[in-house]
Every structure is written in structure tokens, then in C-alpha cells.
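The block underneath contains the structure these notes are about, expressed in C-alpha cells.
Numbering (the numbering used here), first residue to last: 173 to 800.
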């Protein structure tokens, strides 16, 4: 039984952001050979016909007149000459006179027949020209049909959807704008190709929407290992600071507590770092978040924790600390107390998803976000086996300096970095441009205007339209009917019976009641998976256009060295189910100058004629007879 799930098709090797629609009928070449023209009738034949028709009467009269005149002349002259001769001379004269008359009549008959003969000559020439034209047109039509079929086969062999891939050598892709559904589609298409091409992937979702569900199902369908952690709900199963040296742990915690805020007090940071370094030195080598918080409890003169040994408690009490400082650090780190306390598995998965959940307060989530970004940086530097791609959803929440550090690390190690920004704000504008930029729907007009300025107005792109339908219908009716009727009537009167008058009266009464229940159920389900792709309007990069982009469309801006190249990319995962879809990028081909209109539908099976012949019909050489 074949697997009809299209998700595994998305895990085909080769990076794909989506697909670019190309109207294959634009590459259909027109048959440029002109059709043959019928040969005209030779003009001398028509001139002869016109002359014969014009002079017929005159020729008849002249022939008859000449014949009669000759006959009379011969008769008169011969009679005078043969006056003294015997009868044989006169007979000879009459014979010649009769021959002259007959010759005149014969000339008249010939003159009357000449238009018919000329007409037949013209008709014969016309028939010959028509036969020659029919043969030449049939040969031309055969060549045209062969050309059309070859073009149809070439067009049918062309993909209609070509993969849109990042430029070679580009390590970073910034995706700006879009909806959650659009991001989920990009994750499924682009993420599936990254898993198949680059191997191990780490994904961090800071949106709180858990958009990686379909990508996880794709990975599981293709027999790839998956590890999904929702933070802070599953914080006990994941240790963000595992394997760090005391100095690295202190640097990470201080950076997470203060961040990159310019108003941060350097003296306060240094004192916090010194205190945490002293505590970490006492607690090593068993340095965990729970033991660090237990040490802070000791310094705050709280009940001792079993996490610490008596020797460690004594050393901690020798430290000279400020209660306010200890309390502040404890308040920052307290939400992380359960981190790594119930780690169940340390196996490396093909797909690791860290998802920001909806639980926890803002302070805890901010600290978790900063620690997660630091953990991602360590994964880029140290992970074995190395990761192939790193995806961050909701990169707006991360400081641009941290993003720049991550970008530099990924660039040096050849790791694909994909950043999703929900908005195009000041921090995003300072961050984007380190790689290729893809713009999705931007709801804010100011952001759309900045995006249009970033791309450069005037660029044009073309989008297709997909139509898919799914429908169903169910009808259930129940009817209860109760009816009751009552009638009462009577009659009074009198009538004669014999000779007596009798009076009579009658009364009738009736009551009827009916009850009925009807129940009908009709269920009809119609399902159609009708996919149609067609070329629609050509768009120009303008703010309003970027605000009205379809949910599954993006404008990819690529730097090809000579300038920006704008491509319209469609990211709907359902495209993979359509025919003529290429999973690899195709080289751009110029559209031929001669473009034919939409073709006629050709039969699917070969028919008798040029359709079953691979070689074109030969064009008859001029001057050669078709009967040779």
C-alpha cells in the first residue's frame, strides 16, 4: 500500500524556501512557416476567354457573310464562264459555291464554340492549381501539426514550479513579517529541506505559538529523531548550563541578568560577577543551578539545604557579602532552581525544538530567553556532531548584538542561520542585510514603506493562484404532526306520507383525530482536491502590495553581485502535490519572442498522422512534382 502523505516529499535533498511559478505556455514557439497560397490561372487563358466571348457574334456574322458572299460570287462568275459549256461545268460551279457556303457556316460554328473551349481551358487550369494547392497545404499542415505536437511535448516536459533556494555562499536568511500560518508553512517547506540537506537542526521558538508541530511530524514521518522541550514547563528535563566551567557560567548568568542594556552599571556587574565566581569556585566540580541557589540561601542566612556539604557551607559563610546583592541575584536565579533536576535523556536528536510556553512570569521568560540564546551559541561552537542549521522564531525579542554574534559564529562554521522577525522595527533594520531577506505580509504601513525602500521600488514580480476545495453536507429532519377535527350537524323538516303530513328531525356528530411522525436523514459528502495554478497579475514592489501579500507568499531579495534580484516565492506545502513541481532550482531561460496562444487539447494517445513520428515531415523542394 503506497503512502499518500505528501509530507515526506518535502524532505527531499536540496534547500528550498518555496517554489517559483513559471507559466510554461510562455515558452511555446509559434510555427513561423507561412501557409501556401493557391497559384493563379495564367492570364493569357483568361484573356483568350474574354476575347472569345467579346468577339463571338462578330466572328459568326463574318464567317456566315464571307461564306455567302463567296458562294454568290462563285455562282455568278462560274455561271457566266460556263454559259456555253455543258452541264458538267455548271455542276462544278454549284459545287464550289456550295463548298464556300458550307465553309462559311463551319467558320460560324467554330466561332460559336471558341468561348466554350476557352472556358474549359480556364477551368482546367483552375482545377490544376487547386489540386496543387491542396497537396501543398496538406504538406504544410502536416509540418504545422508536427511542430505543434513537438512544442506540446516540450511544454509538458517543463516544470511549472521551480524551487527557490538561497544563493550559493549565503549562510543567513532573514524572514520578515508574515502570519503564524505563513511561518508554519515556511518551517515545513524550508525546514524539511534543511533536515534532508544539512542534517541536524536546532529550532528555538520564542513566539509562544508552538509553530513547529508540522515540522516535527515531517521529521517523525521520515524516521528522524525529535526532541521537543516546552520551557519553562519542562525546565527540569533540560539543563541550559550543563558542562560549563565556573567562568563560563558566571559570564552567562551576568549577561542574562543585565543583558546588553546600555544603562547597566559596570560596577554592579563586576561585583555580581566576583560574588558568583567565588561561589562557583567553592561548589565546583558539581556546579548546578540548584546548588548555586542553595549557596545563595546560605549567604542569605536561610535554612541549610541538603544540596551542600558542611564543608561547603562553612566556606560560604566566610564570604563577605551584601544582603541586598545576594537577595537580588537570588531573585533573578530563583525561577531556574528546577533546571536540569530531572534530565531523562542526553541523546542528540536530529531535530531539537525549544519552545517558549505560556507559563511563567515575564522575568523568568526573559532570563530563559537569554540563557537559551547563550546555549544556542555554545551549540554552534561545540556541538558534536555539529548542527547543520539553526532556526530562530521571534527574533524580534533578541538583542541585535546577540544576533550578530550568532550570525558570525554560524558564518564561520558554515551553519545555515534562519531568523524570523514579526516586525520591521529599528532593531530589525540594524540586523537584517547580513544575508538574503524574504518579506512576507506586513500589516503596518510604516513597516511596509521601509521594506519597499529596502527592496527598491519598481521591482516587479508575478504570483500564481491556487484553488483547493473541500466540502460536505448533512441534513437531518424530524416532523411531528397531530390533528383533530370535530363536526356536528342536524336536519329538520316535514313531508307527506300518503295523505298524512309528518315532521322529522335528525342529528349527526363525528370526531376524528390523527397523529403522524416522519423522520428523514440525508448525508452527503463531496470532496474534491482540485488544484489549479494560473498566472495572475504582475505586481510592483510598493507598500500597499507588501501589506496585501497572500499568506503563503514571500518576496525574496537576493544579491547577485550586479544588483538586487526580486523573486516571488510561494511557500504553501500543498504545492508539492501538484504536477510539474521541481524540487531543485532551474536556470532562468529567456522567453521566446514568438509566443503562441493557449494550445488546443491534443489526444493523449498517439493517432495516425505526424503525432506518432519523431522526425519532421520534409518540405517539398520547389520545382519538383508531387508525383515523383
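Just so you know, even glycine gets a beta-carbon here, dropped at the ideal spot from N, CA and C. Note that the coordinates shown come from a computational prediction; the quantities given were computed from them, not determined experimentally.
(request) Could you work out which residue in 578, 561, 586 and 719 is closest to residue 363 when comparing CA atoms only? (result) For the purposes of this step, residue 363 is taken as the residue at position 191 of the chain shown. Taking only the C-alpha atoms, the option nearest residue 363 is 561.
(message) Need the endpoints of the alpha helix (DSSP H) that residue 346 sits in, please.
(response) Position 174 of the chain shown holds residue 346. Not the alpha helix (DSSP H): residue 346 falls in the beta strand (DSSP E), residues 344-348.
(message) Here's the rule I'm using: 16 or more other beta-carbon atoms within 10 Å means buried, otherwise exposed. How should residue 605 be labelled?
(response) As a position in the chain shown, residue 605 is number 433, starting the count at 1. Around the Cβ of residue 605, a 10 Å sphere holds fewer than 16 other Cβ atoms; the residue is exposed.
(message) Please return the same chain residues whose Cβ sits closer than 7 Å to the Cβ of residue 772, not counting the five positions on each side in sequence.
(response) Within the chain shown, residue 772 is the residue found at index 600, counting from 1. Below a pLDDT of 50, predicted positions are generally treated as unreliable, and residue 772, at 40, falls in that range; the measurement from the model is reported next regardless. Taken in chain order, the list of residues that qualify is empty.
(message) Using CA atoms only, rank isn't needed, just tell me which of 490, 399, 472 and 466 is closest to residue 527.
(response) Counting from one through the chain shown, the residue named residue 527 turns up at place 355. Checked all of 490, 399, 472 and 466; the closest Cα to residue 527 is 399.
(message) Can you tell me whether residue 739 is helix, strand or coil according to DSSP?
(response) Translated into the one-based positions of the chain shown, residue 739 becomes position 567. If DSSP states are grouped into helix, strand and coil, residue 739 belongs with the strands.
(message) Taking its Cβ as the centre, do 16 or more other Cβ atoms sit within 10 Å of residue 437, making it buried, or is it exposed?
(response) As a first step, residue 437 is located in the chain shown; it is residue number 265 there, counting from the start. So residue 437 ends up on the exposed side.
(message) Whole angstroms are fine: how far does the CA of residue 744 sit from the CA of residue 622?
(response) Position 450 of the chain shown, counting from 1, holds the residue named residue 622. Position 572 of the chain shown, counting from 1, holds the residue named residue 744. For residue 622 and residue 744, the distance between alpha carbons rounds to 26 Å.
(request) Tell me whether residue 604 sits in a helix, a strand or coil according to DSSP, three-state version. (result) Taking the first residue of the chain shown as 1, we reach residue 604 at position 432. Secondary structure of residue 604 (DSSP, three-state): coil.
(message) Which of the three DSSP states is assigned to residue 376 in this structure?
(response) In the chain shown, the residue the question calls residue 376 occupies position 204. In this structure, residue 376 counts as strand in the three-state DSSP scheme.
(request) Could you check if residue 507 is buried or exposed, using at least 16 other CB atoms within 10 Å of its CB as the buried criterion? (result) By one-based count along the chain shown, residue 507 stands at place 335. Buried, because 16 or more other Cβ atoms sit within 10 Å of the Cβ of residue 507.
(message) I'd like the span of the beta strand (DSSP E) that includes residue 731, first residue to last.
(response) Sequence index remark: in the chain shown, residue 731 carries index 559 (1-based). First-last of the beta strand (DSSP E) with residue 731: 725-731.
(request) State the DSSP-derived secondary structure class of residue 203, mapped to helix, strand or coil. (result) Within the chain shown, numbered from 1, the residue matching residue 203 stands at position 31. Note: residue 203 maps to coil in three-state DSSP.
(request) Taking only the alpha-carbon atoms, compute the straight-line gap between residue 291 and residue 235 and give it to the nearest angstrom. (result) Taking the chain shown and counting its residues from 1, the one referred to as residue 291 is at position 119. Taking the chain shown and counting its residues from 1, the one referred to as residue 235 is at position 63. In a straight line, the C-alpha of residue 291 is about 22 Å away from that of residue 235.
(message) Taking 7 Å as the threshold (C-beta atoms), are residue 380 and residue 586 in contact?
(response) Residue 586 sits at position 414 when you count from the first residue of the chain shown. Residue 380 sits at position 208 when you count from the first residue of the chain shown. Going by C-beta atoms, residue 586 is not nearer than 7 Å to residue 380.
(message) I need the DSSP call for residue 400, collapsed to helix, strand or coil.
(response) In the chain shown, the residue the question calls residue 400 occupies position 228. In the structure shown, residue 400 adopts extended strand secondary structure according to DSSP, grouped into three states.
(request) Assign residue 194 to one of two classes, buried (16 or more other C-beta atoms within 10 Å of its C-beta) or exposed (fewer than that). (result) Against the chain shown, residue 194 aligns to sequence position 22. With 16 or more other Cβ atoms inside 10 Å of its own Cβ, residue 194 counts as buried.
(message) Here's a check: name, in chain order, each residue in its chain whose Cβ is nearer than 7 Å to the Cβ of residue 756, leaving out the five neighbours to either side.
(response) The sequence position of residue 756 within the chain shown is 584, counting from 1. Taking residue 756 as the centre and dropping the five residues before and after it, the same chain places the C-beta of 186 and 335 closer than 7 Å to its C-beta, in chain order.
(request) Have a look at residue 280 and residue 301 and give me their C-alpha separation to the nearest angstrom. (result) Mapped onto the chain shown, residue 280 falls at position 108. Mapped onto the chain shown, residue 301 falls at position 129. About 33 Å.
(message) With DSSP as the reference, identify every bridge partner of residue 610, one or two as the case may be.
(response) In the chain shown, residue 610 corresponds to position 438, counting from 1. In the DSSP output, where bridge partners are listed per residue, residue 610 has 347 and 728.
(request) Would you check if the distance between the CB atom of residue 294 and the CB atom of residue 213 is smaller than 7 Å? (result) Along the chain shown, read from residue 1 onward, the residue named residue 294 stands at position 122. Along the chain shown, read from residue 1 onward, the residue named residue 213 stands at position 41. Here residue 294 is near residue 213, since their CB atoms are less than 7 Å apart.
(message) I'd like to confirm the pairing. Which residues does DSSP put opposite residue 192 in its beta bridges?
(response) Against the chain shown, residue 192 aligns to sequence position 20. According to DSSP, which records beta bridges pairwise, residue 192 is partnered with 334.
(message) Under 6 Å: does the beta carbon of residue 591 sit that close to some heavy atom of the ligand FAD?
(response) The ligand FAD is not part of the structure shown, which contains no ligands of any sort.
(request) Would you list the residues sitting across from residue 597 in a DSSP beta bridge? (result) Residue mapping note: residue 597 aligns to position 425 of the chain shown, counting from 1. Answer by DSSP bridge pairing: none, since residue 597 is not bridged.
(message) According to DSSP, residue 525 sits in a beta bridge with which residue or residues?
(response) One-based indexing of the chain shown puts residue 525 at position 353. Answer by DSSP bridge pairing, in chain order: 375 and 400.
(message) Rounded to the nearest angstrom, what separates residue 352 and residue 512 at their Cα positions?
(response) Reading the chain shown from its first residue, position 180 is the one you call residue 352. Reading the chain shown from its first residue, position 340 is the one you call residue 512. Between residue 352 and residue 512, the C-alpha separation is close to 31 Å.
(request) Sort 614, 568, 510 and 328 by Cα distance to residue 603 and report the nearest one. (result) For the purposes of this step, residue 603 is taken as residue 431 along the chain shown, with counting starting at 1. If we check each option's Cα against that of residue 603, 568 comes out closest.
(request) Within the same chain, show all residues whose beta-carbon is closer than 8 Å to that of residue 484, passing over the 5 residues directly before and after it, in chain order. (result) The residue given as residue 484 occupies position 312 in the chain shown. For residue 484, where only same-chain residues beyond five positions count, the Cβ hits under 8 Å are 454, 455 and 467.
(request) Mark residue 742 as exposed unless 16 or more other C-beta atoms lie within 10 angstroms of its C-beta, in which case mark it buried. (result) Reading the chain shown from its first residue, position 570 is the one you call residue 742. Answer is buried; the Cβ neighbour count reaches 16.
(request) In the DSSP assignment, find the alpha helix (DSSP H) that holds residue 413 and state where it starts and stops. (result) On the chain shown, residue 413 is found 241 positions in, with the first residue counted as 1. Taken as a continuous stretch (DSSP letters only), residue 413 belongs to no alpha helix (DSSP H), as it is neither H nor E.
(request) Take every Cβ of the stretch 408-423, pair it with every Cβ of the stretch 380-396, and state whether three or more of those distances are shorter than 8 Å. (result) Between the stretch 408-423 and the stretch 380-396 there are fewer than three C-beta pairs closer than 8 Å, too few to call the two in contact.
(message) I'd like the list of long-range same chain contacts for residue 583, defined as Cβ closer than 6 Å, with 5 residues on each side in sequence excluded.
(response) Sequence index remark: in the chain shown, residue 583 carries index 411 (1-based). The beta carbon of residue 583 sits closer than 6 Å to the beta carbons of 343 from its chain, once the five residues preceding and following it are set aside; these are given in chain order.
(message) Does residue 589 come out as helix, strand or coil in the three-state DSSP assignment?
(response) Position 417 of the chain shown holds residue 589. Strand.
(request) Flag this pair as touching only if the stretch 308-326 and the stretch 196-208 have three or more C-beta atom pairs under 8 Å; answer yes or no. (result) With a cut-off of 8 Å, the stretch 196-208 and the stretch 308-326 count as touching, because enough Cβ pairs lie within range.
(message) Count Cβ pairs between the stretch 604-618 and the stretch 369-380 that sit closer than 8 Å; are there 3 or more?
(response) No: the two stretches stay apart, fewer than three of their Cβ pairs being nearer than 8 Å.
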